[in-house]
Structures are given as C-alpha cells and as structure tokens.
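Enquirer: Each protein sequence line maps, in turn, to chains A and B.
Read in order, the letters of the first sequence are residues 197 to 380 in the numbering used here.
Read in order, the letters of the second sequence are residues 197 to 380 in the numbering used here.
Just so you know, even glycine gets a beta-carbon here, dropped at the ideal spot from N, CA and C.
Take this structure first; my questions come after.
Protein chains: 2
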Amino acid sequence: MRADARRNLDTLLQTAMAVFASAGVDAPVREIAEKAGVGIGTVYRHFPQRSDLVAAVFRREIDACADAAAVLSAKHAPFEALAAWMQRYTAFVAAKRGLAKALHSGDPAFDTLPGYFDQRLRPALRKLLEAATAAGTVRPDVDADELLGAVASLCMSAHNVGSGRAERMVALLVDGLRHGAKSP
Amino acid sequence: MRADARRNLDTLLQTAMAVFASAGVDAPVREIAEKAGVGIGTVYRHFPQRSDLVAAVFRREIDACADAAAVLSAKHAPFEALAAWMQRYTAFVAAKRGLAKALHSGDPAFDTLPGYFDQRLRPALRKLLEAATAAGTVRPDVDADELLGAVASLCMSAHNVGSGRAERMVALLVDGLRHGAKSP
DNA sequence: CTTTATACGGAACAATGTTCCGTTTATCAA
DNA sequence: TTGATAAACGGAACATTGTTCCGTATAAAG
Chain A
197 MRADARRNLD
207 TLLQTAMAVF
217 ASAGVDAPVR
227 EIAEKAGVGI
237 GTVYRHFPQR
247 SDLVAAVFRR
257 EIDACADAAA
267 VLSAKHAPFE
277 ALAAWMQRYT
287 AFVAAKRGLA
297 KALHSGDPAF
307 DTLPGYFDQR
317 LRPALRKLLE
327 AATAAGTVRP
337 DVDADELLGA
347 VASLCMSAHN
357 VGSGRAERMV
367 ALLVDGLRHG
377 AKSP
Chain B
197 MRADARRNLD
207 TLLQTAMAVF
217 ASAGVDAPVR
227 EIAEKAGVGI
237 GTVYRHFPQR
247 SDLVAAVFRR
257 EIDACADAAA
267 VLSAKHAPFE
277 ALAAWMQRYT
287 AFVAAKRGLA
297 KALHSGDPAF
307 DTLPGYFDQR
317 LRPALRKLLE
327 AATAAGTVRP
337 DVDADELLGA
347 VASLCMSAHN
357 VGSGRAERMV
367 ALLVDGLRHG
377 AKSP
C-alpha cells in the first residue's frame with residue numbers, strides 16, 4: 197500500500213470519527229472529505245459506499261475500546277482495571293446512540309458489526325472479569341455477556357440522556373460485582 | 197375548502213398510505229404524487245414537509261383503528277368485540293414497524309403522534325374492556341395501557357417477524373383475560 | 001357569464017450520494 | 001539521479017430526492 201494512501205486512510209478515519217461525533221452519522225461525505233483535506237474521490241475509493249465509512253469508523257472504535265482492556269489491565273489492579281474499563285465501555289455506548297438507527301437500517305455494510313462487537317468486546321471483558329475473580333475481588337457468578345447487555349440497556353434508555361446518570365448506574369453495577377467475592 | 201382540493205387531499209392520503217405500506221415510509225414524494233395523479237406542488241401545499249404527510253397518514257390510521265372499536269362493539273358481544281379489536285390493533289402495530297424509526301428521528305412533525313396515539317386508542321380499548329368486564333366475561337383487574345403496551349412489545353420484537361406469531365401471542369393474551377371473570 | 005380567489009402542475013433549485021477520468025505522485029529499476 | 005509506470009488523487013459531472021415558486025387552470029360567487 198502506498199504511503200500517501202495509508203496516510204489519507206488514517207486521517208480520513210480520524211476526521212470521520214470526529215465529524216460523526218459532533219454532527220451525527222448523517223454528516224455529508226463532502227464535509228468529511230473537506231475537513232480531512234482529501235477529495236471526494238479518495239473517500240469513495242477507500243469506501244465504495246458511505247455506509248462502509250460509517251462501519252469502518254465503528255469497527256475502529258470497537259477496537260479502541262477492546263484494546264483499552266489490555267492497557268488498563270497492565271496498569272491497574274484487577275478490580276480497578278475492570279471498573280475503569282466499564283466506564284470506558286459506558287462512554288463508548290453512550291456516545292453511539294445514533295448507531296442503533298444505522299444498525300437497523302438494513303444496509304448490508306452493517307451486517308457484520310454486531311458479530312464484531314461480540315467478538316472483540318466479550319473476550320476483553322471476560323479477561324478482566326476472570327482476573328478480578330482470580331484475585332478474589334469480584335464474585336465468580338457474573339457473565340460477560342450479561343454485563344455488556346446490562347450496560348447497553350442502561351445507556352440506551354431514553355431516561356438516561358445527559359448528566360452522568362448512566363455512569364452512576366454503571367458504577368453501582370460494578371460495586372455490586374464485589375459482593376460475594378472470595379476476599380473482600 | 198374547494199371541492200377539488202378536498203378530493204385531491206383524500207386521494208393523496210389514500211395513495212400515500214398504500215405506497216408507504218408497500219414501499220416503506222421512505223418512498224419518494226414524486227412517486228406518491230404521480231400515483232395519486234397530482235402534481236408535486238399539490239402535495240407540498242397540503243403538507244409543507246414530507247414528514248407532515250407521513251404524520252397525517254399515521255394519524256388517519258390511528259383514527260381508523262380507534263373507530264373500529266365502536267363498530268365492532270355494535271356488531272358483536274362484548275368479549276368478541278374486544279378480541280376482534282385486539283387483532284385489529286395487532287395488525288396495525290405490526291404493519292407499522294417502520295414507524296419507530298420515524299418517531300425517533302427527531303422531526304417535530306411527529307412530536308404529537310405518541311400523544312394522539314394514547315388519546316385515541318386508550319379510550320377505545322378502555323370502553324371495550326369495561327363493557328366486557330360489566331358483562332362478566334373478562335376479569336376486572338386489567339389496565340388498558342398495559343394491554344396496549346404488551347401488544348406493542350409482542351409485535352415489535354425482532355423474533356416475531358412473519359407467520360402469525362404475534363397474532364397467536366395476542367390471542368393467548370386475550371384468552372388470558374377470561375380468567376377470573378365474574379361469569380365464565 | 002364574468003370575476004376572482006383558490007388550487008394546480010411541474011419546472012427549477014438545493015443538497016447529497018456516487019461515478020468517472022484526466023492529472024499527480026510514490027515507488028522502483030536502471 | 002532519472003525515467004517509467006502503476007497507484008492514488010481531486011473534483012467535475014451525474015443521479016436522486018426534498019423543497020420552492022410561479023404562470024395557468026378552475027371552482028365558486030354574483
């Protein structure tokens with residue numbers, strides 16, 4: 197792959213992420229291309245359809261969230277790493293409320309996203325959970341899937357718009373994980 | 197209101213309902229205008245925005261569903277009327293799965309729809325319920341709101357696509373209403 | 001029948017997704 | 001270093017669709 201192509205792809209994804217975050221996923225392709233300093237043709241060579249760009253940005257954010265698990269795990273004690281990652285995941289889900297619409301739009305470009313979501317995030321959380329359980333700071337009867345789903349529900353609910361409510365609920369959830377741990 | 201205007205408005209709403217049903221609520225305005233045999237300008241005079249047309253069609257379908265209650269009530273015994281209307285409502289909700297997206301689009305044209313929905317359908321169902329309860333064929337501890345919500349949930353669930361599953365579940369629900377009635 | 005306010009139709013405009021192709025440039029062999 | 005070339009670039013042009021505007025047609029009233 198040519199160096200300029202790689203460069204453009206990177207700035208494109210970065211810019212698209214920023215634009216989607218501030219103007220929503222319906223932002224015009226022209227605007228993204230302009231802000232990234234590339235032509236429209238460049239965008240469409242990398243992403244044949246607009247939805248492909250959206251999906252790529254999404255996948256990238258899933259990756260970032262999943263990768264954060266290992267970093268946090270190396271930097272903190274098991275329980276603290278778990279708690280920190282849960283907040284990281286909360287931020288991710290909360291910021292992506294617009295995704296639900298896109299996912300249900302029927303566009304084939306989004307078909308593989310739910311699977312990718314599971315494939316990357318579930319193992320990430322499972323490792324954190326297992327480490328904390330092994331350390332005795334978290335109860336052993338909690339399922340990674342259920343936890344991911346619960347947080348998503350908390351964040352998606354219409355009553356949780358704004359003002360850290362979702363974060364507080366998730367913090368409560370995480371505190372609940374301590375109950376029944378081997379060593380308190 | 198001029199006669200031709202009234203005529204055009206009616207055919208427009210009828211046509212739009214048919215097109216939305218077959219091609220989805222994203223069908224182009226031009227297509228609707230053409231099928232209705234009117235110019236685009238005519239559509240936009242009656243409905244300043246595309247979403248206003250969608251909302252009008254919706255309101256009309258809510259009306260039809262609500263009005264069906266009185267008709268069924270006059271034609272059948274209380275319980276049979278209730279059961280028939282529940283199926284009518286089921287068909288209405290099932291057909292309008294695309295509505296959820298529209299409702300959450302943030303377009304102000306849809307702001308009053310949820311309220312209208314309640315205002316028309318809740319009393320309709322309440323009257324049917326009260327009549328059946330008074331006749332002793334339905335238990336008295338059922339709330340119209342809850343019933344409407346339950347049916348909506350049954351229909352909206354992604355697992356209920358196709359093949360009368362929702363209808364069967366609703367029928368079950370209705371049969372459940374008989375339990376604990378004064379006279380079995 | 002004439003008048004007039006109303007409604008009509010569709011051309012024209014604007015925004016946006018997508019395609020196409022002439023031009024530029026990174027890469028590499030000589 | 002330089003020339004060849006395949007890859008990538010940029011943006012004009014096209015297609016679709018929502019929306020506006022205005023000249024024309026017509027229903028309604030006297």
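I need the DSSP call for LYS292/A, collapsed to helix, strand or coil.
Expert: Against the first sequence, residue 292/A aligns to sequence position 96. Coil, per DSSP.
Enquirer: Taking the alpha helix (DSSP H) that MET197/B belongs to, which residues open and close that run?
Expert: Translated into positions along the second sequence, residue 197/B becomes position 1. Where MET197/B is concerned, there is no enclosing alpha helix (DSSP H), given that its DSSP letter is neither H nor E.
Enquirer: Could you give the first and the last residue of the continuous alpha helix (DSSP H) run that contains SER247/A?
Expert: The count along the first sequence starts at 1 and reaches residue 247/A at position 51. Unbroken alpha helix (DSSP H) run through SER247/A: 246–271.
Enquirer: For a quick check, are the C-beta atoms of VAL253/A and ALA212/A less than 8 Å apart?
Expert: Counting from one through the first sequence, the residue named residue 253/A turns up at place 57. Counting from one through the first sequence, the residue named residue 212/A turns up at place 16. Contact flag set, yes.
Enquirer: Using the three-state DSSP reduction, which class does SER349/B fall into: helix, strand or coil?
Expert: Numbered from 1 along the second sequence, position 153 holds the residue referred to as residue 349/B. Assignment of SER349/B by DSSP, reduced to helix, strand and coil, places it in the helix class.
Enquirer: Report the CB separation of ALA262/B from LEU317/B in whole angstroms; it is logged as a contact under 8 Å.
Expert: On the second sequence, position 66 is the one that residue 262/B refers to. On the second sequence, position 121 is the one that residue 317/B refers to. Going by Cβ atoms, the distance from ALA262/B to LEU317/B rounds to 6 Å, so yes, they are a contact pair.
Enquirer: Do ALA232/A and THR207/A have their CB atoms nearer than 8 Å?
Expert: Here the question's residue 232/A lines up with position 36 in the first sequence. Here the question's residue 207/A lines up with position 11 in the first sequence. Yes, they are a contact pair.
Enquirer: What residue from VAL370/A, HIS242/A, GLU326/A, GLU227/A has the CA that sits closest to MET197/A's CA?
Expert: Here residue 197/A refers to the residue found at position 1 of the first sequence. The shortest Cα separation from MET197/A among VAL370/A, HIS242/A, GLU326/A, GLU227/A belongs to HIS242/A.
Enquirer: In whole angstroms, give me the CA-to-CA distance for ALA251/A and ALA219/A.
Expert: Position 55 of the first sequence, counted from the start, is the residue given in the question as residue 251/A. Position 23 of the first sequence, counted from the start, is the residue given in the question as residue 219/A. One C-alpha to the other measures close to 16 Å.
Enquirer: For PRO336/B, which three-state DSSP category applies?
Expert: In the second sequence, counting from the first residue as 1, residue 336/B sits at position 140. Coil at PRO336/B, not helix or strand.
Enquirer: With a threshold of 7 Å on Cβ separation, who are the neighbours of VAL289/B within its own chain once the five nearest residues in sequence on each side are excluded?
Expert: In the second sequence, counting from the first residue as 1, residue 289/B sits at position 93. Within the same chain, VAL289/B has close Cβ partners VAL347, ALA348, CYS351.
Enquirer: Taking Cβ positions, are LEU268/B and ALA287/B nearer each other than 8 Å?
Expert: In the second sequence, residue 268/B corresponds to position 72, counting from 1. In the second sequence, residue 287/B corresponds to position 91, counting from 1. Using a Cβ distance threshold of 8 Å, LEU268/B and ALA287/B do not count as a contacting pair.
Enquirer: Just verifying my parser: in three-state terms, what is the DSSP assignment at LEU373/B?
Expert: On the second sequence, residue 373/B is found 177 positions in, with the first residue counted as 1. It is coil, neither helix nor strand.
Enquirer: Look at the alpha carbon of ASP307/A and the alpha carbon of ASP337/B, and state the distance between them as a whole number of angstroms.
Expert: Translated into positions along the first sequence, residue 307/A becomes position 111. Translated into positions along the second sequence, residue 337/B becomes position 141. Taking the straight line joining both Cα atoms gives about 44 Å.
Enquirer: Whose CA, out of ARG364/B, ARG335/B, ALA331/B, lies closest to the CA of ALA273/B?
Expert: One-based indexing of the second sequence puts residue 273/B at position 77. Among ARG364/B, ARG335/B, ALA331/B, the Cα nearest to that of ALA273/B belongs to ALA331/B.
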